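Enquirer:
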Amino acid sequence: MDFSKSKQLQRRAHQIIPGGCHTYAKGDDQFPLNAPGFLVRGDGCHVWDADGNEFIEYGMGCRAVTLGHAYRPVVEAAQRAMLDGANFSRPAALEVECAEMMLSMIPHAEMVKFAKEGSSVTNAALRLARAATQRDKVAFCGDQPFFSIHDWFIGKTGIDTGIPQAIKDLSVTFRYNDLDSVQHLFDQYPDQIACVILEPAKYDDPQDHFLHRVRELCHRHGAVFILDEMITGFRWHNGGAQTEYDIEPDLSTFGKALANGFSLSALVGKRELMERGGLYHDRERVFLLSTTHGAETHGLAAGMEVMRTYQNEPVIARMNEQGQKLADGLATVIAKHELSDHVSILGRPSCLIFTARDQAGQPSQGFRTLLQQELIQHGVLGQSLIISYAHSDDDVARTVEAFDRALPVYRAALTDGIEAHLIGRESQTVYRRRNEPAFRGTP
Ligand SMILES: Cc1ncc(COP(=O)(O)O)c(C=O)c1O
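Here the sequence shown is numbered in the working numbering, starting from -2 and rising by one per residue.
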């Protein structure tokens, strides 16, 4: 494959954009060296790079695009709204219509506030919880990878430079499906924890009523229980994972798939909490969410069309069906190449990932990079296997075939060593303090 235009763009990008792009998960360091540098077009689950190479894509916009790229009804709804103006000096009528629609999707939600991205709404949920409880500490699930770009979360990662220690000290972490680790925090910091925030699930379902028991603990200790549904929302169930698991959060946050790649996020929750951000009450005011672009009309129109599509079409059922076909097909080829101890497919069918292990059975970034590299050679691009409504049987079959062709190289690398097969350096994890020597100089 020719990547010369991508390479040129990469050199230009890193001269003028720190990181070369605007999302860590899309950075060069997250992909093998042979990955396409820049994409220029998408249609369904297919994307084309700057050099005209075509790929079947997984993950799609960091899991934001569940209906497929350039999904016509959503694009047309956004376009219609734009042609009537994007932003006014008083609220757009669409803000009310979109809010009503959102609340009709999420059963326990009584009020909603929209913003443009997920980090703003998780941050707002914390502020509301702190205001309501008059407490400063926040507890988040430490084995889930991301909640916000804001200091309360990034301060606890390996890339915490620039964040005051005083802020870091206010965040504490617990483990998923480990109730004792949550109880321990309430014991250690009595009357100090404002809220507990977690994703309802990642790759494992909640065990032993974990979510219900965390909620109970929160309420017993006077803390707010928050579910971050950025990924699970519009992927687990039309009403969010909270509906799937029948759990009622005090607050919850949505984004990503809510507008199929357009920028729209939402904080939803109980009236008694949410109302504090309002105008008509006599309690202390909370500066909840307010941005110039918070309610751009086309983002709201896109969101409404997405919700309409979910109501009228079997989006989630189809994602699960296609994901299951993919998981089954991959299990067969992984077994055929006798790599079941090294390559695993994990997660819910609508949200699959792959893991790679080395000769010793340890998780390996090098083998992960090698597998991604080989999949790219065979026309599959993705850091995950997260499917969309647009992945057809043919796409699934071609992905299985790409694995079938990639896995012999993996097997060979287990014998010869990865260096004999990997082109250049390994990909990296985001939360590292310094760039590896391979990332010094120019791309
Ligand atoms: C679970 C979760 N919460 C919050 C966010 C932040 O969303 P955004 O990138 O839109 O700010 C993400 C983004 O990846 C996420 O995965």
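Where a beta carbon is used, it is the ideal one built from N, C-alpha and C, also for glycine. Since we're looking at a predicted model, the values are computed, not measured.
Following a CB-centred definition, is PHE144 positioned closer than 7 Å to any heavy atom of ligand 1?
Expert: It does: the Cβ of PHE144 is within 7 Å (strictly closer) of some heavy atom of ligand 1.
Enquirer: May I ask you to report which of helix, strand or coil DSSP gives GLU302?
Expert: Helix, per DSSP.
Enquirer: Is LEU182 helix, strand or coil when you go by DSSP?
Expert: Three-state result, LEU182: helix.
Enquirer: Could you check whether the Cβ of MET57 sits closer than 7 Å to any heavy atom belonging to ligand 1?
Expert: Answer for MET57: no, Cβ out of range of ligand 1.
Enquirer: Run the CB neighbour count on LEU297, radius 10 Å, all protein chains shown included, and call it buried at 16 or more, exposed below.
Expert: Buried, because 16 or more other Cβ atoms sit within 10 Å of the Cβ of LEU297.
Enquirer: Is it buried or exposed for SER347, if we count other Cβ within 10 angstroms and need 16 for buried?
Expert: With 16 or more Cβ atoms within 10 Å of its Cβ, SER347 is classed as buried.
Enquirer: Is the beta carbon of VAL340 less than 8 Å from the beta carbon of ALA353?
Expert: Yes, the Cβ-Cβ distance between VAL340 and ALA353 is below 8 Å.
Enquirer: What residue range is occupied by the uninterrupted alpha helix (DSSP H) comprising TRP149?
Expert: TRP149 -> alpha helix (DSSP H) spans 148 to 151.
Enquirer: For GLU272, collect the residues of the same chain with a Cβ closer than 8 Å to its Cβ; drop the 5 residues on either side in sequence, then sort them by chain order.
Expert: The answer, listed in chain order, is MET108 and HIS278.
Enquirer: Rounded to a whole number of angstroms, what is the C-alpha to C-alpha distance between GLU245 and GLN308?
Expert: Those two C-alpha atoms are separated by around 21 Å.
Enquirer: GLY49 to GLY326, Cα distance in whole Å?
Expert: Each residue's alpha carbon lies about 28 Å from the other.
Enquirer: Which residues in the same chain as LEU276 place their Cβ atom closer than 8 Å to its Cβ, once the five residues preceding and following it in sequence are excluded?
Expert: Correct list: empty, nothing qualifies.
Enquirer: In three-state terms, what does DSSP make of ARG402?
Expert: Residue state, collapsed to three classes: helix.
Enquirer: Can you give the beta carbon distance from ILE313 to HIS388, rounded, assuming they're within the 8 Å contact cut?
Expert: Incorrect: roughly 13 Å between the Cβ atoms, too far for contact.
Enquirer: Assuming LEU125 and LEU285 make a contact with CB atoms under 8 Å, what is their CB distance in whole Å?
Expert: Confirmed, about 6 Å.
Enquirer: CB-CB under 8 Å to VAL406, same chain, minus the five flanking residues each way: which ones, in chain order?
Expert: Cβ within range, chain order: LEU367, GLU371 and HIS418.
Enquirer: Please tell me whether ILE85 and VAL377 are closer than 8 Å, where the distance is taken between their beta carbons.
Expert: At residue 85 the sequence reads Phe, which differs from the Ile that was named. Result no, Cβ atoms of PHE85 and VAL377 do not sit closer than 8 Å.
Enquirer: Going by alpha carbons, who is nearest to ASP225 out of ASP201, ALA403 and LEU264?
Expert: Cα-wise, what sits closest to ASP225 is LEU264.
Enquirer: Excluding the 5 residues flanking GLY41 on each side, which residues of the same chain have their C-beta closer than 7 Å to its C-beta?
Expert: Around GLY41: GLY65, HIS66 and ALA387.
Enquirer: Return the CA-CA distance between SER260 and LYS253, expressed in angstroms with no decimal places.
Expert: When rounded, the distance between both Cα atoms is 8 Å.
Enquirer: Could you tell me which uninterrupted alpha helix (DSSP H) segments, each at least 4 residues in length, are contained entirely in the region 310 to 390, listed from first to last along the chain?
Expert: If we require 4 residues or more, the alpha helix (DSSP H) runs fully inside the region 310 to 390 come out as 312 to 333 and 362 to 374.
Enquirer: What I want to know is whether the C-beta of ILE228 ends up closer than 7 Å to one or more non-hydrogen atoms of ligand 1.
Expert: Yes - ligand 1 has a heavy atom lying nearer than 7 Å to the Cβ of ILE228.
Enquirer: Just to confirm, are GLY274 and LYS110 a CB contact at a threshold of 8 Å?
Expert: Yes, the Cβ-Cβ distance between GLY274 and LYS110 is below 8 Å.
Enquirer: Near LEU343, what residues of its chain come up, given a Cβ to Cβ distance below 8 Å and the 5 sequence neighbours on each side ignored?
Expert: Only TYR200, LEU349, ILE350, PHE351 and THR352 meet the Cβ criterion.
Enquirer: Taking contact to mean at least 3 C-beta pairs separated by less than 8 Å, is the region 200 to 220 in contact with the region 66 to 80?
Expert: The answer is no - the region 66 to 80 does not touch the region 200 to 220, with fewer than three Cβ pairs under 8 Å.
Enquirer: Please say whether PRO33 and SER3 have beta carbons closer to each other than 8 Å?
Expert: A contact, by the Cβ cut-off of 8 Å.
Enquirer: Starting from CYS138 and walking both ways along the beta strand (DSSP E), at which residues does that stretch end?
Expert: Where CYS138 is concerned, the enclosing beta strand (DSSP E) stretches over 134 to 138.
Enquirer: Less than 8 Å between the CB atoms is what I'm expecting for LEU195 and GLN141, so what's the real figure, rounded?
Expert: Sure, about 6 Å apart at Cβ, within 8 Å.
Enquirer: Which same chain residues, not among the five before or five after GLY230, have their C-beta less than 6 Å away from its C-beta?
Expert: Result list for GLY230: GLY237 and PHE251, in chain order.
Enquirer: Just mark PHE144 as buried or exposed, buried being the case when its beta carbon has 16 or more other beta carbons within 10 Å.
Expert: Buried: at least 16 other Cβ atoms inside 10 Å.
Enquirer: Look up ASP40 in the DSSP assignment and give the residues it is bridged to.
Expert: In DSSP, ASP40 forms a bridge with HIS43.
Enquirer: GLY252: beta carbon under 7 Å from a heavy atom of ligand 1?
Expert: Correct: GLY252 has its Cβ closer than 7 Å to ligand 1.
Enquirer: Evaluate the contact criterion for the region 147 to 162 versus the region 183 to 191: three or more CB pairs, one atom per stretch, below 8 Å.
Expert: In short, these stretches do not touch, since the Cβ pair count stays below three.
Enquirer: Report the partner residues of THR445 according to the DSSP bridge assignment.
Expert: What is shown of the chain runs -2 to 440, which leaves residue 445 out entirely.
Enquirer: Tell me the rounded alpha-carbon separation between PHE54 and ASP243.
Expert: A small fix is needed here, since residue 54 is Glu in this sequence, not Phe. The straight-line gap from Cα to Cα measures roughly 32 Å.
Enquirer: Kindly examine ligand 1 and report whether one of its heavy atoms sits closer than 7 Å to the Cβ of SER389.
Expert: SER389: no, Cβ never under 7 Å from ligand 1.
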